[in-house]
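Below is one structure; the comments refer to it alone.
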Amino acid sequence: MLFNSLDFLIFFPVIVGLYFALSPKYRWVLLLGASYYFYMCWKAEYIILIVFSTLVDYFAARQMVRIQEKKKRRLFLYLSLLSNLGLLFFFKYWNFFSGETRALLDSWNIMADVPTFQLLLPVGISFYTFQTLSYTIDVYNGKLEPEKNLGRFALYVSFFPQLVAGPIERATHLLPQLRQTFDFDYQRVVSGLQQMLWGFFKKVVIADRLAVYVNEIYASPGDENGLALLLATYFFAFQIYCDFSGYSDIAIGAARVMGYDLMENFRTPYLSKSIREFWSRWHISLSTWFRDYLYIPLGGNRVPQVRWFLNLFIVFVVSGFWHGANWTFLIWGALHGSYLVAEILWKRLPFAQFRGMPPQFKSILAIGTTFHLTLLAWVFFRANSLEDAITVIRSVVELPLTMSVEMIRETINQAGGLTWLVTAFTLITFAFADPIMDRKIKKLREGKPIAYAMGIFASILSGILILGYFGEVEFIYFQF
Amino acid sequence: MKRLIINGLIFIAASVGLYLSGCAILYYIPVGGNPMIYRVSQGLSMKGGDAYEKFEEFDGEVDPKLVIIGSSMARQDYDPRLFEKGGWKAFNLGTSAQSMVQSYELARHYLRGRKGTVLLLDLFPGAFYSDGFESSSDLIQNVSSNWTACRIAWKLKDIRAVNMLTLRLLSRGSDPEFEDKRYVGKGFVERRDSVEKEVDYQLGNLTFRPAQVRAFQQLLTFCQTEQIEVVMVSHPLPREYDYRKIKDFLAEVQRLASEVQENPLLIDHTQVESLHSRHHFYDHHHLNQAGVEIFNPKVIQELNDQFPHLTEYSRSN
Chain A
11 MLFNSLDFLI
21 FFPVIVGLYF
31 ALSPKYRWVL
41 LLGASYYFYM
51 CWKAEYIILI
61 VFSTLVDYFA
71 ARQMVRIQEK
81 KKRRLFLYLS
91 LLSNLGLLFF
101 FKYWNFFSGE
111 TRALLDSWNI
121 MADVPTFQLL
131 LPVGISFYTF
141 QTLSYTIDVY
151 NGKLEPEKNL
161 GRFALYVSFF
171 PQLVAGPIER
181 ATHLLPQLRQ
191 TFDFDYQRVV
201 SGLQQMLWGF
211 FKKVVIADRL
221 AVYVNEIYAS
231 PGDENGLALL
241 LATYFFAFQI
251 YCDFSGYSDI
261 AIGAARVMGY
271 DLMENFRTPY
281 LSKSIREFWS
291 RWHISLSTWF
301 RDYLYIPLGG
311 NRVPQVRWFL
321 NLFIVFVVSG
331 FWHGANWTFL
341 IWGALHGSYL
351 VAEILWKRLP
361 FAQFRGMPPQ
371 FKSILAIGTT
381 FHLTLLAWVF
391 FRANSLEDAI
401 TVIRSVVELP
411 LTMSVEMIRE
421 TINQAGGLTW
431 LVTAFTLITF
441 AFADPIMDRK
451 IKKLREGKPI
461 AYAMGIFASI
471 LSGILILGYF
481 GEVEFIYFQF
Chain B
602 MKRLIINGLI
612 FIAASVGLYL
622 SGCAILYYIP
632 VGGNPMIYRV
642 SQGLSMKGGD
652 AYEKFEEFDG
662 EVDPKLVIIG
672 SSMARQDYDP
682 RLFEKGGWKA
692 FNLGTSAQSM
702 VQSYELARHY
712 LRGRKGTVLL
722 LDLFPGAFYS
732 DGFESSSDLI
742 QNVSSNWTAC
752 RIAWKLKDIR
762 AVNMLTLRLL
772 SRGSDPEFED
782 KRYVGKGFVE
792 RRDSVEKEVD
802 YQLGNLTFRP
812 AQVRAFQQLL
822 TFCQTEQIEV
832 VMVSHPLPRE
842 YDYRKIKDFL
852 AEVQRLASEV
862 QENPLLIDHT
872 QVESLHSRHH
882 FYDHHHLNQA
892 GVEIFNPKVI
902 QELNDQFPHL
912 TEYSRSN
């Protein structure tokens, strides 16, 4: 079930109504049933994978606390890692590896039959496997007591607001909340609904409209001019931000209506002044996951410098690969890893401080540079193949040589007046509206209702209806 | 909870007010000669064209004996002027991409109380497997009955239907925004051009949508209740098509019809040997006027054979 569907508009109020009507003792049962139903609306049989993952991790964690011997405890950790990463590998990466292996063997003239499978990637598999893995690792490390109630643990793995595209919640944060009871709280319900509405606006008005142009241009970059490709890349940067942060807003808002606090996933990342800052503001739940469960176990920065840089690079390459089994995602991750290493080295240079430059100008320069570095990486993220990505970059680099009035006119016509309007909306959102919305929602949450908040949100709802691009377009991160 | 309900109602009222004001502003601001709302809002059809004219015209129509209903194939493959010459006072209510749900709603409004009329239902696979979005916009804007427009909007089960109904409200009383010069009256759109470019003759997967099947059976039941005879006709298609797929589709339609009606009448004209794929069609599946002039006499002959009493009645009028 998609958040941006009529089904969800019916499903959500019904579940919330039942949730507050039910005795707190049975609410987890309702939420578990609702979460499984939510997932099964997409492909019912794949619920088996969630159930499998849940059972393995539940029993592995229970066994870990019963056994004192570290070696045996580690066996159960390996069982959890193997089961979850095995599922992920089989469904997401098998065909990529078999294809690459076959190509490699062919190049050596070795005939070998490496099987491929016609598999549909289970929606959200990368999210729920990471979420449940964090649980077993935390139990293994003694940071968390294992959950006794299997049903409640199953709800932690499958909680519908964040099941298919995060935020990737830690058991230490979400599980205790699932044991609590929440009474109906007007302020919380209202602020949750407002955040959901803002998320819908970002998704259906901005992201889905920009997607029309981006998809058209990126479908065949070789046939497009450099200006169109550049414009489509800018649009994609805002499309993916509005798509994914819109999803996160809906997820966080939906959970808050029922009393649960999910972790923040975005903090105006395009206003970051460095790549390091960008990663502390973009997909926060994933970057902190990699920090805690990969970067730190690798040694983090408490190792020799070369190893530290290697650790950073490995984390970002793995992060790229987490997004998809394609060389384009690997390059995207590798670029970000390289940016971080380069940034550390750059900051050590004496002239990199830009002493004497006015602070505002320095900030603008830093924001602009960071944004354009991420933009270059987005080309690889969005392109359908490495060849396409190189075509885009080449056409954009050659743009000063190829630019003409005719090209500008053609690009404006192709983008259409509406797209320009959406661009304006996007920029407003990116630069001003998101932090404002964030502040308003937070103020409401603190019990300070704002008189004109209703007017603002009524305008947002009207905007969604009039300007929204409907048709149940999937969220980009569903494919991961 | 009480506070939430009261504030929720105020919020809804404020949203409705702002929404209507927004739509009105966008409707009254012209961009490139047309209201801006068509540029910024997705999937809206303009008021006008053959759909607008035919529903206006049908309201003043006195007792047609044959009403043709269906998609653009119905609209362009059945010429009421030829039927009239053949003894059948006819009117064509076919509209672009009309789905079964919409055909049923149109029949409910325009055929109620027209006992003794023959309904010619043109069979187009898309009418059974589309969601009907494209055609809803056209019909909601142009159909002459407000109630039918609301029912079509409701059955679309899509949030965009709200915008379509609002646009209908705003354009009420105003002149149509465009006209179709190929419209010749009695619901018919005449095309004289032929296929010139390469065209694709592939048929996709013909999967029946439950809602469309249900509407098809409701349509047949409605006609039985109203004592309206139904003739289902499969229009001609170029020989490049895979006719087996069409035959399978027609067999399924026949089976579905048999569930609610005894001996449903289905005439299969998919293969008409005398029609040439280029000279008698103007695209991959619509007949041009030369094709219509070959095809329609065949249908008229079938109707005369099936309903001789109605033909005589029609001629005497």
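Just so you know, the sequences run in chain order A and B.
Just so you know, the working numbering puts 456 at position 446 of the first sequence, and the rest follows in order with no gaps.
Just so you know, the working numbering puts 821 at position 220 of the second sequence, and the rest follows in order with no gaps.
From the three backbone atoms N, C-alpha and C, an ideal C-beta is built for every residue, glycine too.
Residue-level contact to chain B via CB, residue i, 8 Å cutoff
i              : result
I29 (chain A)  : The residue you asked about is not Ile; residue 29 (chain A) is Tyr in the sequence shown. Judged by the 8 Å Cβ criterion, Y29 (chain A) is not in contact with chain B.
L411 (chain A) : no
A352 (chain A) : no
L188 (chain A) : no
G465 (chain A) : yes
P23 (chain A)  : no
I58 (chain A)  : no
A468 (chain A) : yes
S33 (chain A)  : no
L296 (chain A) : no
L220 (chain A) : no
L475 (chain A) : yes
C-beta contact flag for residue i and residue j at 8 Å
i              : j              : result
V214 (chain A) : I476 (chain A) : no
S700 (chain B) : A728 (chain B) : yes
Y29 (chain A)  : R37 (chain A)  : yes
G634 (chain B) : F779 (chain B) : no
D259 (chain A) : W299 (chain A) : no
I847 (chain B) : S875 (chain B) : no
E157 (chain A) : L185 (chain A) : yes
Q855 (chain B) : P865 (chain B) : yes
G623 (chain B) : S472 (chain A) : yes
T767 (chain B) : E706 (chain B) : no
S731 (chain B) : A762 (chain B) : no
L98 (chain A)  : T139 (chain A) : yes
F48 (chain A)  : F170 (chain A) : yes
S775 (chain B) : H880 (chain B) : no
Identity of the residue in the options nearest residue i by Cα
i              : options                        : result
A387 (chain A) : A:V61, A:W356, A:E353, A:S348  : A:S348
E830 (chain B) : B:G687, B:G688, B:Q862         : B:Q862
I626 (chain B) : B:L888, B:L771, B:F734         : B:L771
R682 (chain B) : B:Q907, B:I630, B:L667         : B:L667
R773 (chain B) : B:G786, B:R793, B:N743, B:E797 : B:N743
L740 (chain B) : B:Y842, B:N889, B:Q907, B:Y653 : B:Y653
K716 (chain B) : B:T826, B:Y784, B:I868, B:S775 : B:T826
V832 (chain B) : B:L821, B:P839, B:K787         : B:L821
Y223 (chain A) : A:E416, A:R392, A:A175         : A:R392
V641 (chain B) : A:G426, A:Y228, A:I20          : A:G426
S144 (chain A) : A:F170, A:M121, A:I178, A:V174 : A:I178
M413 (chain A) : A:I466, A:G366, A:T182, A:L237 : A:L237
G109 (chain A) : A:A217, A:W337, A:V406, A:I470 : A:W337
L91 (chain A)  : A:C51, A:I147, A:Q73, A:I120   : A:I147
F850 (chain B) : B:R840, B:P839, B:D869, B:E841 : B:D869
Y280 (chain A) : A:Y270, A:M268, A:H293, A:M273 : A:H293
Interface flag, residue i vs chain A, CB-CB below 8 Å
i              : result
Y730 (chain B) : no
Q643 (chain B) : yes
K758 (chain B) : yes
M765 (chain B) : no
P665 (chain B) : no
Y628 (chain B) : no
R604 (chain B) : yes
C751 (chain B) : no
R916 (chain B) : Confidence at R916 (chain B) is low in this model, with a pLDDT of 47, below 50, so the placement of that residue is unreliable and no value is reported for it.
Y620 (chain B) : yes
F612 (chain B) : yes
Beta-bridge partners of residue i, as assigned by DSSP
i              : result
N635 (chain B) : B:V632
A70 (chain A)  : In DSSP, A70 (chain A) forms no bridge with anything.
D869 (chain B) : B:S835
G919 (chain B) : The question about residue 919 (chain B) has no answer, for chain B in this structure spans 602 to 918.
E830 (chain B) : B:V719
Q: List in chain order: all unbroken alpha helix (DSSP H) runs of 4+ residues lying wholly within the region 769-826 of chain B.
A: Within the region 769-826 of chain B, the complete alpha helix (DSSP H) runs of at least 4 residues are 811-826.
Q.
At 4 residues or longer, what runs of the alpha helix (DSSP H) sit wholly inside the region 192-244 of chain A?
A. For the region 192-244 of chain A, whole alpha helix (DSSP H) runs of length 4 or above, ordered along the chain, are 196-210, 218-229.
Q: May I have a chain-ordered list of the beta strand (DSSP E) segments no shorter than 3 residues that lie completely inside the region 699-754 of chain B?
A: Runs of the beta strand (DSSP E) spanning 3 or more residues and lying entirely within the region 699-754 of chain B occur at 719-723, in chain order.
Q: Would you list, in sequence order, the uninterrupted alpha helix (DSSP H) runs of no fewer than 4 residues that lie entirely inside the region 27-84 of chain A?
A: Listed in chain order, they are 37-53, 57-76.
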